[in-house]
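Residue numbering for the sequence shown follows the numbering used here, beginning at 4 and increasing consecutively.
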Amino acid sequence: MLEMIIVDGLSFSLPLFIMAIGGIYSEKSGITNLALEGFQGFGAFTGAFVTVYLYGIFGAESSVPYYAGFLFAVIGGGIFALLHALLCVKFNANQVISGVVMNILAVALTSFLTKRINASMFGSNANKFMLGASSRLTIPIIGEVYPFEVMIVIVSIVMWYVMYRTVYGMRLRACGDNPHSADAAGINVYAVRTVAVLISGCLSGMAGMSFAYSVSANFSPDIYLGYGYLSIAALIFGNWSILPSLFACLMFGFARSAGSAVIHQLGLPSSYNDLVRILPYVLTLLLLVFFGKNNRSPRALGQVYNKGQR
4 MLEMIIVDGL SFSLPLFIMA IGGIYSEKSG ITNLALEGFQ GFGAFTGAFV
54 TVYLYGIFGA ESSVPYYAGF LFAVIGGGIF ALLHALLCVK FNANQVISGV
104 VMNILAVALT SFLTKRINAS MFGSNANKFM LGASSRLTIP IIGEVYPFEV
154 MIVIVSIVMW YVMYRTVYGM RLRACGDNPH SADAAGINVY AVRTVAVLIS
204 GCLSGMAGMS FAYSVSANFS PDIYLGYGYL SIAALIFGNW SILPSLFACL
254 MFGFARSAGS AVIHQLGLPS SYNDLVRILP YVLTLLLLVF FGKNNRSPRA
304 LGQVYNKGQR
């Protein structure tokens, strides 16, 4: 039972964490990003389509479709994120409204495209791409893990290093705190913010593909279950810092997996699993109530930057 809690908890926590890192990058640059849900959904759609298409060429047993799917999920999430960057950075749109619209657009667009692609290419009326559950690797001491968990850990370390140990990371944080001072220092605020939103889309796409392979074993409208908003709650609870956000994601993941394990152990009907799904959100509300007052967001978060104004 404990092993199942750990395996399921990590498979939910780590994708949530990599998506939260993407949100941190965007918001540390000054761009409010409520569109993580849409980024992960569109990224998962792109990756799942490529995976299913390559199944017909390489076969379902090949590792090529698996890793190609993650690559294209990253690309798809990044491309979709560029629309949010264009609206917020180039056209100075309201960042909150833009994020909400991006989420709605992703749901409608991917649902439509999935049905049309299945009908025209695969002769099916389904509204999902069937992937199957990901295989697992056995790592000494740690035990069984999904391959995407290893990828996420590696990418997370790289993202932490970029944020806190590179010139770009310093410039990104400066743009989120005082963009006019950053501009006076010769930093291209528009470019830094655009790249930050692009990174958030790429990481969210990776998260979406991870959820598709673990939580649902397919791409479908179920991929939009509030995971993006949960990652936003995690980064807020983590005070826009990477390591504290990891702690929040682990809490959410293990609350979910522990609840499922208890229901399974007690032999309760599967309908009780729907009740378990709300545990991370209840925990989110409690954390924000008790710890939200101590949060300090980037000072220029959500503020439209106009180079000509001081």
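Ideal Cβ placement from N, Cα and C applies to all residues, glycine included.
Sequence-distant residues of its chain with Cβ nearer than 7 angstroms to residue i (five each side left out)
i, result
"Gly44", "Ala109, Val110, Thr113, Gly211, Ile226 and Tyr227"
"Tyr193", "Val92"
"Ala215", "Ala47, Ala51, Leu134, Asn221, Phe222 and Ile226"
"Gly72", "Gly50, Ala51, Val53, Thr54 and Met212"
"Ser66", "none"
For residue j and residue i, believed in contact at Cβ under 8 angstroms, the rounded distance
i, j, result
"Leu201", "Leu85", "6 angstroms"
"Ser207", "Gly25", "5 angstroms"
"Ala76", "Leu134", "That pair is no contact at about 11 angstroms."
"Phe151", "Ser213", "5 angstroms"
"Pro301", "Asp186", "About 16 angstroms separates the two Cβ atoms, so there is no contact after all."
Reduced DSSP category for residue i - H, G, I as helix; E, B as strand; rest coil
i, result
"Leu5", "helix"
"Thr113", "helix"
"Leu140", "strand"
"Phe20", "helix"
"Asn221", "strand"
"Glu147", "strand"
"Phe132", "strand"
"Tyr227", "coil"
"Trp163", "helix"
"Gly241", "coil"
"Lys310", "coil"
8 angstroms Cβ shell around residue i - same chain, five flanking residues per side excluded
i, result
"Ser184", "Ala177"
Cβ neighbours of residue i in the same chain (closer than 6 angstroms, five flanking residues each side left out)
i, result
"Thr197", "Ala88 and Val92"
"Lys118", "Asn130"
"Ser260", "Ile8, Asp11 and Gly12"
"Thr287", "Ala236"
"Leu238", "Ala23, Gly26, Ile27 and Ser248"
Exposure of residue i, with buried meaning 16 or more beta-carbon neighbours within 10 Å
i, result
"Leu39", "buried"
"Leu289", "exposed"
"Glu147", "exposed"
"Thr54", "buried"
"Lys310", "exposed"
"Glu30", "buried"
"Leu278", "exposed"
"Gly59", "exposed"
beta-carbon residue i near the ligand ATP non-hydrogen atom, thresh 8 angstroms
i, result
"Arg299", "As far as ligands go, the structure on display features none, and thus does not contain the ligand ATP."
| field | Contact the stretch 234 to 253 vs the stretch 120 to 139: 3+ CB pairs below 8 angstroms | value | Counting Cβ pairs under 8 angstroms, fewer than three are found: no touch.
For the stretch 255 to 270 against the stretch 12 to 20, do three or more pairs of beta-carbon atoms, one drawn from each stretch, fall closer than 8 angstroms, so that the two count as touching? Touching, yes.
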